[in-house]
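Chemist: Can you keep this structure in mind? I'll have questions shortly.
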Amino acid sequence: MKLFTCLLLGGSFDWKQPFQLIKDPSAARSSLLVDVDQTALKNDKIVELLETAQSVGQVGSIATEQDRLKVEMLAQSLIPFSDSKQPARYPLEGVHKLVYSAAPGASSGKIGPFVGKVSQFFEDDEIFYNRVEFGPLSIALRAKREVRNNDTIKVSFLETAFSLFGKTLKKSQAGGGGVWKVRFVGTYRDGDGKEKLVRIMETPSLFVLEHSLN
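Number 216 marks the last residue of the sequence shown (our numbering); no jumps.
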């Protein structure tokens, strides 16, 4: 890094003293220990958030204000630990399961007295699907996302499809959308050692999603 910094700034680099890049080995070890500690702390914080969110339930709108605040505070505390300073640009693929949503209505999986399983499926860098499943019945909202800056995406809803036992019953155009903020994206290992990716978004309601990486 020192070499590249010198070149960028138009300075010179002393090739006669290459080992000055690490003057104190103990300092390098200390830096490594700090990184390890930060990773462990991030992992613990993610686990605490997920466990709390799961105990509260995925539909935050029907939880107590105290429980909602608890989840929000844990989510807020994770933001500085994001794996990327450009969370909205983080590449996404596969299925991401909803852990928690503070949004009222169908986006949290609640339709009337029923609560379905909610997930996002990423087809490519632009197209994704918000899906709600009630047993054999599936409702999929096709959407397009456009990265606006490092932590913001613009989402446009395109089409809604209803399926039963995997067979499409009806499709209709969907309108609307919004601007979503991606506040955190980071990996952690669960109790079984499996690596997973967690995202925290504001739509503006708080959303927490989890994706298995292996």
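Note that CB positions come from ideal geometry on N, CA and C, so glycine has one too.
If the criterion is Cβ atoms closer than 8 Å, does the pair residue 71 and residue 51 meet it?
Modeler: no
Chemist: According to DSSP, which residues form a beta bridge with residue 180?
Modeler: 157
Chemist: For residue 169, tell me which candidate among 178, 153, 203 and 139 has the shortest Cα-Cα distance.
Modeler: Closest by alpha carbon: 139.
Chemist: Nearest CA to the CA of residue 84: which residue from 41, 114 and 126?
Modeler: 41
Chemist: Examine the Cβ distances between the segment 194-201 and the segment 153-172 and report whether three or more of them are shorter than 8 Å.
Modeler: no
Chemist: Would a C-beta distance cut-off of 8 Å place residue 201 and residue 98 closer than the cut-off?
Modeler: yes
Chemist: Hey, is the segment 149-156 in contact with the segment 173-188, meaning 3+ C-beta pairs nearer than 8 Å?
Modeler: yes
Chemist: Apart from the five residues just before and just after residue 166, which ones in its own chain have a Cβ nearer than 8 Å to its Cβ?
Modeler: 138, 139 and 140.
Chemist: Per DSSP, residue 103 is paired with what?
Modeler: 61 and 209
Chemist: Go ahead and label residue 56 buried or exposed: buried means 16 or more other beta carbons lie within 10 angstroms of its beta carbon, across all protein chains shown.
Modeler: exposed
Chemist: Distance check for residue 172 and residue 82, CA to CA, integer angstroms please.
Modeler: 43 Å
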